[in-house]
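**Student:**
In this note's numbering, the protein residues as written are -8 to 150.
Right under this line is the structure:
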């Protein structure tokens, strides 16, 4: 029994590292690094089509995402869930790569304006800060969809 518990812990700990959604200061934060050979000015220009209300700095663009809709196809077809996300997006640029961070992430079921937006954190993490094991498939789906929305280049492991 102890060996099974140890194996499960090791497996979950290693698989949890694959997510780009982390808990930072009590909030869910998504961050990923991408490679791209284009110059920084070109990359900064491209971000202007992704973020709203952008503020452009030397090596950074900060803006918002509003009403970013993601349809979670991991849920059965008769009950597909659509989510809207809001948050603050930061693109940081270095030669040949850039990092995208989405913080203050709020979500709502798409079209459910009466419910309003709530923090993403309780949907991703339990009260002790661990990933909700039951929602692992959904977490991966949201993670991958964020990557598709914010990428301008190829994913890499380090900043």
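Glycine is no exception: its CB is placed at the ideal position from the N, C-alpha and C atoms.
I'd like the span of the alpha helix (DSSP H) that includes residue 22, first residue to last.
**Tutor:** Here residue 22 is taken as the residue at index 31 of the chain shown, counted from 1. Counting along the chain, residue 22 falls outside any alpha helix (DSSP H), though it belongs to the beta strand (DSSP E) covering 18 to 26.
**Student:** Keeping to the same chain, check which residues put their C-beta closer than 6 Å to that of residue 52; ignore five residues upstream and five downstream.
**Tutor:** Against the chain shown, residue 52 aligns to sequence position 61. Contacts found: 35, 38, 45, 82.
**Student:** Do residue 97 and residue 108 count as a contact pair if the criterion is CB distance below 8 Å?
**Tutor:** Looking up residue 108 in the chain shown gives position 117. Looking up residue 97 in the chain shown gives position 106. Their beta carbons are under 8 Å apart, which means residue 108 touches residue 97 by this criterion.
**Student:** Counting C-beta neighbours from all protein chains within 10 Å, is the total for residue 68 16 or more, i.e. buried, or is it exposed?
**Tutor:** Counting from 1 along the chain shown, the entry for residue 68 is found at position 77. With a pLDDT of 47 at residue 68, under the threshold of 50, the modelled position of this residue cannot be trusted; read the value that follows with caution. With fewer than 16 Cβ atoms within 10 Å of its Cβ, residue 68 is classed as exposed.
**Student:** Distance, Cα to Cα, residue 90 vs residue 123?
**Tutor:** Here residue 90 is taken as the residue at index 99 of the chain shown, counted from 1. Here residue 123 is taken as the residue at index 132 of the chain shown, counted from 1. Taking the straight line from one Cα to the other gives about 26 Å.
**Student:** Please report the straight-line C-alpha distance between residue 27 and residue 87, rounded to a whole angstrom.
**Tutor:** What you label residue 27 is simply residue 36 of the chain shown in a count that begins at 1. What you label residue 87 is simply residue 96 of the chain shown in a count that begins at 1. Those two C-alpha atoms are separated by around 5 Å.
**Student:** Using a Cβ-Cβ cut-off of 8 Å (strictly less than) and excluding sequence neighbours within five positions of residue 43, which residues of its own chain qualify?
**Tutor:** One-based indexing of the chain shown puts residue 43 at position 52. Excluding sequence neighbours, residue 43 sits near 54, 55, 56, 57.
**Student:** Within its chain, find whatever has a CB closer than 8 Å to the CB of residue 50; leave out the 5 residues flanking it on each side and keep chain order.
**Tutor:** Position 59 of the chain shown holds residue 50. Counting only Cβ-Cβ distances below 8 Å, and skipping sequence neighbours, we find 31, 83, 84, 85.
**Student:** Residue 48 lies in the beta strand (DSSP E); which residues open and close that run?
**Tutor:** Within the chain shown, the letter at position 57 stands for residue 48. Note, residue 48: beta strand (DSSP E), 43 to 48.
**Student:** Looking at the unbroken beta strand (DSSP E) that takes in residue 13, where does it start and where does it end?
**Tutor:** As a first step, residue 13 is located in the chain shown; it is residue number 22 there, counting from the start. Its beta strand (DSSP E) spans residues 12 to 15.
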